[in-house]
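Asks: Quick one: this structure, given as structure tokens, is what I'll be asking you about.
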Amino acid sequence: MDSDEILEQDLHKPEKEEDLDEKYPNRPHNRAPTLPFHDLYLSLFNPLSELKKKPSGPPQARRKVGPHGKGATSLNPFERRRDVIERFISRWRKEVGDDIYPAFRLILPDKDRDRPMYGIKEKAIGKMLVKIMKINKESEDGYNLMNWKLPGQGATTRMAGDFAGRCFDVLSKRPMRTEPGDMTIDEVNEKLDKLSAATKEDEQLPILAEFYRRMNPEELLWLIRIILRQMKVGATERTLFDVWHPDAESLYSISSSLRRVCWELHDPNIRLEGEERGVALMQCFQPQLAQFQMHSFEKIIARMKPTEDDKVFWIEEKMDGERIQLHMAPDDSIKGGRRFGFWSRKAKEYTYLYGNGIYDENGALTRHLKDAFVDGVQSIILDGEMITWDPEQDAIVPFGTLKSAALAEQRNPFSNGPRPLFRVFDILYLNGRDLTKYTLRDRRNALEKVIRPVHRRFEIHPYEEATSTAEVEAALRKVVAEASEGLVLKNPRSPYRLNERHDDWMKVKPDYMTEFGESLDVVVIGGYYGSGRRGGALSSFLCGLRVDDSTQAAEKFWSFCKVGGGFTAADYQEVRHHTDGKWKAWDAKKPPTTFIELAGGDAQHERPDMWIRPSDSIVLCVKAASVAISDQFRMGLTLRFPRFKKLRKDKDWKTSLSVQEFLDLKSNAEQEHREKEFSVDHSRKKRVKRATKKPLTVAGNDDNDEVQYLGPSGHIFDELNFFIMTESSVPEKKTKLQLEQLVKANGGKIYQTKTAGVDTLCVAERRTVKVASLQKSGEQDIIRPSWLIDCVKQNEIDAGLPDLLLPFEPRHMFFMTEDKEEEVTANVDKFMDSYARDTTVDELKDVFKQMEQNQEQPDHAPDPASVRRIEALIQEKVNAGYTVPCGWLFRGLKFHFYSSEDEQDESASGELRKEHQRLQFAHNTARFAGAENSSLLKSSGTTHVIVDPGTLSSADISSLRKSLAEKPGAKMPHLVSVDWVEECWKNGTLLDEERFLVRR
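Going by the numbering used here, the final residue of the sequence shown carries number 1057, and the count climbs one at a time with no gaps.
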């Protein structure tokens, strides 16, 4: 157990009942004992887990019977999840009472801030289970528990990488009981409270032993997942909160307190009042987050809603630190009369680190804040970034050093070493008043009036006012020159939006380094076991650089990067062939420092599961997008999106890349870059389809299956006002009254006129007198009712994700103004296929018809920010041992499939003749996997030209290569065989193109 966890336990001392009654005078009390623990997994966890699994055959629709026994309708997955949760909550209220907090603590353990971390991980639990079951740790089962990431021995070959599943396998062989146990939910919570307070194994062991005696293996499986806070049952806290109370999510956003959600909102009929929806002192809120850049600079600025009188937006530097909120409240019980509190974005409290008062001797920050506030400031809540500042360099130090700098500051507050620096960029509360509804400009004015900056300790984060894209470009040039994170553009006219990503705050990062430009020969020094399909085998590798030594006698390597993408099954087999029998398990107590040096000292960052001596290892040739700073690797640098290229059998550890050679390569690449003209890429692809949208997912694929929709309650239309003027006939028949009920059920407000002063959405499907009058004015957009229905349906499909309003599509608009046309058209492709909404059968048929009539697609360069973000998420999964999602395999790439008819007709539609069936199949596969199609050979932005060599002569290929060489502009695309597409798809990863180049 580390010092953080010990301090956290001190901060979470159990509260007495009388104290809780005083703090929550209206909290509910159950009238009966809590349900048995096994009811949680029998009636909630297992049913939800089953719904999460993909059905092996055609889905068997469950039926919902109407009030008269007719009109049965299918329940979609979202409705089924809600149904399971509603039945459990209803039973709890009926049989136990209104206090559901004991159950929610176990259902959402990662949201329970009142119970500290247990301080035990998988290995510690495995070790204790071995002792409790009295099995030899060298036995088959003992080995499987202690080495849960490795392939299982004997019969236990599955569950590699799934610790709870591995425990279930072993426990099932020697259970103390086979039937569900008799422990109640209250008893489990009591024991878990004791377990979280225990700091030594001899205190933890008897608690775990009692669980073993009183629970069957399946109960223990879920208990272990609760302890590890890794539930993954297929329903998020958003769904559970929404079923519990309509205001539950709002209260959690301002308090981060599961207990408050359960105790203050136990009656669904009592809603939060306006003042109860705001931030409060010493209650950690969920902060506003910046939206990712998905548009051109012009559109970003337009989305900040400039007016003729006020076109200003703000530019702030994006900082590389930790998001922190500071609370200060009057408190006569503490010396100095002011109490401080600090919380991270994920609601972890850091008051112990930064200080609870200006005279706190352990306060790394507060001891410097005695004169930081003007007279009259009694209470305040600030939002900002905690960064590490190095006084000697007068510069920001990378984020990973923040905690060590704070601890050093605690020991010696006036040293000249790195120190925490709190950069404040917002104020949300002042002297009893919630400021979140005020504009950013007003909040900033208040901030500057009440703060007295403390140099390099406590400062107001600067910003620049701007009105044009040229100023953004200039700021980006500065960011690149100073190697900063990027920019955040902010709308000064906006309120503070708790727990939201919104276009009022937009991240912008420089896009100037598309590829590092060098293939690097690095040595494998470690390996990581994968999960899922790659479970039980080394699926990604830690690679290192040789520490320079003129004699080349020192077999010493520094960790440099992790590589998990670009390997075929044959590549993995070859790696195993060359390294079999040479791997050793990594021992954290006795690391092989003679040969391998990791970052972080004793912390051993990016510690591998297995290691291999460099002289016994292999050299991999890898390539990457760019070089990035990282404190997770000993080099202090690493590769961004590294990908396996080939095995260098001609090299060994002595001839691999050294530290100094790499630094020379990096320096040369940077020099070449400086010599080129810096330019910011304005080209932006139309809105990228959301990752939650499954390719070619069709709703209601049976023509004979009539699916009638009944809208459930939700929050999709919260704070929106509607004037509904007509009924709906498409896609469903609904009366005007039914549409109004649908809107109200999902949080919207209904008006019976276009009310002056209210931003009202007008809805109509046919031209009545009222509709014609509005249309004639030419100032009001009129939306079809189909948009309301599509919004509700799509948010059911995307259950567990934040409620999102669908962007307007042309099919949603009955009438629109000229200003609206460009925005609406950008939300669909040229075939009218939505970028944000799942497609129905009829719509898909229409899309196919249009595609048959016109195969040519417009040229659009991919949105670099969106592609980078997706690549980062995918690379993170790949390095953790997962395969790339099939729908994103070729995302961000643009293919031209070349055939002999291209020579005959350069403007061909792109539809290939039947004799090119193999190429046609690859063409369809690539589109399914996210590639953009280029029908013209010389189209801009094309990254790959795909050919089937068996259908082309040498003269054809020679002519093709000559044509590509004459292509103006960007670098020449890869000319590869159709084998490349097929093998990438087969192996679930992008393979190196050089293996598939067409050379003849």
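In this text, a Cβ means the ideal position worked out from N, Cα and C, and glycines have one as well. Remember, it's a predicted structure, so these values are computed and weren't measured experimentally.
(1) Could you pull out every residue in the same chain whose Cβ sits closer than 7 Å to the Cβ of Val1038, ignoring the five residues on either side in sequence?
(2) Which residues in the same chain have their Cβ closer than 7 Å to the Cβ of Lys494, if we skip the five residues on either side of it in sequence?
(3) Considering only residues of the same chain and omitting the five flanking positions on each side of Lys723, which have a CB-CB separation below 7 Å?
(4) What does the alpha-carbon distance come out to for the pair Val245 and Phe94?
(5) Identify the residues that DSSP records as bridge partners of Arg490: which are they?
(6) I'd like to check one pair, Val676 with Lys702: are the Cβ atoms closer than 9 Å?
(7) For the beta strand (DSSP E) containing His559, list its first residue and its last residue.
(8) Ordered along the chain, which non-local residues of its own chain (more than five positions away) have a Cβ less than 8 Å from that of Ser310?
(9) Please state whether DSSP places Lys613 in a helix, a strand or coil.
(10) Quick one: is Lys564 buried, meaning 16 or more other Cβ sit within 10 Å of its Cβ, or exposed?
(11) Going by the DSSP bridge assignment, what does Leu1124 pair with across the sheet?
(12) Tell me which residue opens and which closes the beta strand (DSSP E) that Phe947 is part of.
(13) Going by alpha carbons, who is nearest to Glu797 out of Gln261, Val820, Ser786, Glu789?
(14) Tell me, which residues are paired with Phe954 by DSSP?
(15) Does Thr526 come out as helix, strand or coil in the three-state DSSP assignment?
(16) Given Pro509, which residues of its chain have a CB within under 7 Å of its CB, disregarding the five upstream and five downstream residues?
(17) What residue range does the alpha helix (DSSP H) around Pro671 cover?
(18) Skipping 5 residues on each side, what residues in its chain have a beta carbon closer than 8 Å to that of Glu101?
(19) Determine the direct distance from the alpha carbon of Leu99 to that of Arg119, and round the result to whole angstroms.
(20) Would you grab the beta carbon distance between Glu445 and Ala462 for me? Rounded to a whole angstrom, and I think it's under 8 Å.
(21) Is it true that the CB of Arg316 sits closer than 9 Å to the CB of Asp250?
(22) In whole angstroms, what separates the C-alpha of Ile357 from that of Phe952?
(23) Measure the C-alpha to C-alpha separation of Ala452 and Gly623 and round it to an integer number of angstroms.
(24) Taking the CB atoms as reference points, tell me whether Glu321 and Lys168 lie closer together than 9 Å.
(25) Between which two residues does the beta strand (DSSP E) holding Lys506 run?
(26) Touch check for the stretch 409 to 416 and the stretch 366 to 376: three-plus C-beta pairs under 8 Å?
(27) Should Glu236 go down as buried or exposed, given a rule of 16 or more other Cβ atoms within 10 Å for buried?
(28) How close, in whole Å, do the beta carbons of Ala404 and Arg234 come, if the pair is a contact with beta carbons under 8 Å?
(29) Please return the same chain residues whose Cβ sits closer than 8 Å to the Cβ of Leu799, not counting the five positions on each side in sequence.
(30) Over the uninterrupted alpha helix (DSSP H) stretch that includes Gly199, give me the two end residues.
(31) My parser needs the beta strand (DSSP E) runs of 3 or more residues fully inside the stretch 361 to 409; what are they?
(32) Check Val800 in the structure and name its three-state DSSP category.
(33) If I measure Cβ to Cβ from Cys224 and keep anything under 6 Å in the same chain, skipping five residues before and after, which residues do I get?
(34) Assign Ala292 to one of two classes, buried (16 or more other C-beta atoms within 10 Å of its C-beta) or exposed (fewer than that).
(35) Classify Tyr586 as buried or exposed, calling it buried when 16 or more other Cβ atoms lie within 10 Å of its own Cβ.
(36) Quick one: Cα of Lys1043 to Cα of Leu602, how far?
Replies: So, to answer that:
(1) Counting only Cβ-Cβ distances below 7 Å, and skipping sequence neighbours, we find Ala979, Thr982, Ala983, Ile1003.
(2) The residues are Pro552.
(3) So the qualifying residues of the chain are Val684.
(4) If I take the Cα positions, the gap works out to 7 Å.
(5) Answer by DSSP bridge pairing, in chain order: Leu487.
(6) Not in contact: Lys702 and Val676 (Cβ atoms no closer than 9 Å).
(7) Going by DSSP, His559 is part of the beta strand (DSSP E) stretching over 558 to 565.
(8) Scanning its chain for C-beta atoms nearer than 8 Å, with the 5 sequence neighbours on each side dropped, one finds around Ser310 the residues Phe342, Gln343, Leu555, Asn556, in chain order.
(9) Lys613 falls in the coil class under three-state DSSP.
(10) Lys564 is buried by the Cβ-count criterion.
(11) The question about residue 1124 has no answer here: the residues shown for the chain are numbered 58 through 1057.
(12) Counting along the chain, Phe947 falls outside any beta strand (DSSP E), and DSSP gives it neither H nor E.
(13) Nearest in C-alpha terms to Glu797, of all of Gln261, Val820, Ser786, Glu789, is Val820.
(14) DSSP output for Phe954 lists Ile1003 as bridge partner(s).
(15) The answer is helix: DSSP assigns Thr526 an H, G or I state.
(16) Pro is not the amino acid found at residue 509; the sequence shown has Arg there. The beta carbon of Arg509 is closer than 7 Å to those of Asp428, Ala429, Phe430, Val431 in its chain, skipping five residues each way along the sequence.
(17) Where Pro671 is concerned, there is no enclosing alpha helix (DSSP H), given that its DSSP letter is neither H nor E.
(18) The residue you asked about is not Glu; residue 101 is Leu in the sequence shown. Here the set comprises Val141, Ile142, Phe145, Ile164, Val290.
(19) Summary for Arg119: the model assigns pLDDT 39, below 50, so the residue's position carries little reliability; its value from the coordinates is reported in the next sentence. Arg119 and Leu99: Cα-Cα distance of roughly 19 Å.
(20) What sits at residue 445 in the sequence shown is Thr, not Glu. Between Thr445 and Ala462 the beta-carbon gap is near 5 Å, inside 8 Å, which marks them as a contact.
(21) Not closer than 9 Å, so no.
(22) Distance from the CA of Ile357 to the CA of Phe952, rounded to the nearest whole angstrom, comes to 29 Å.
(23) Rounded to the nearest angstrom, the two C-alpha atoms are 38 Å apart.
(24) For Glu321 and Lys168, no; Cβs fall outside 9 Å.
(25) Careful: Lys506 lies outside any beta strand (DSSP E), inside the alpha helix (DSSP H) at 497 to 507.
(26) Judged by pairs of C-beta atoms under 8 Å, the stretch 409 to 416 does not touch the stretch 366 to 376, as fewer than three such pairs exist.
(27) Burial call: exposed.
(28) About 37 Å; that fails the 8 Å criterion.
(29) The residues are Gly768, Lys791, Leu845, Ile846, Val849.
(30) Per DSSP, Gly199 belongs to the alpha helix (DSSP H) from 197 to 203.
(31) Unbroken beta strand (DSSP E) stretches of 3 residues or longer found wholly inside the stretch 361 to 409: 370 to 375, 379 to 387, 395 to 401, given in chain order.
(32) In the three-state DSSP reduction, Val800 falls in the helix class (H, G or I).
(33) Only Ile281 meet the Cβ criterion.
(34) Buried, by the Cβ-count rule.
(35) With 16 or more other Cβ atoms within 10 Å, it is buried.
(36) Per the coordinates, the alpha-carbon of Lys1043 lies some 32 Å from the alpha-carbon of Leu602.
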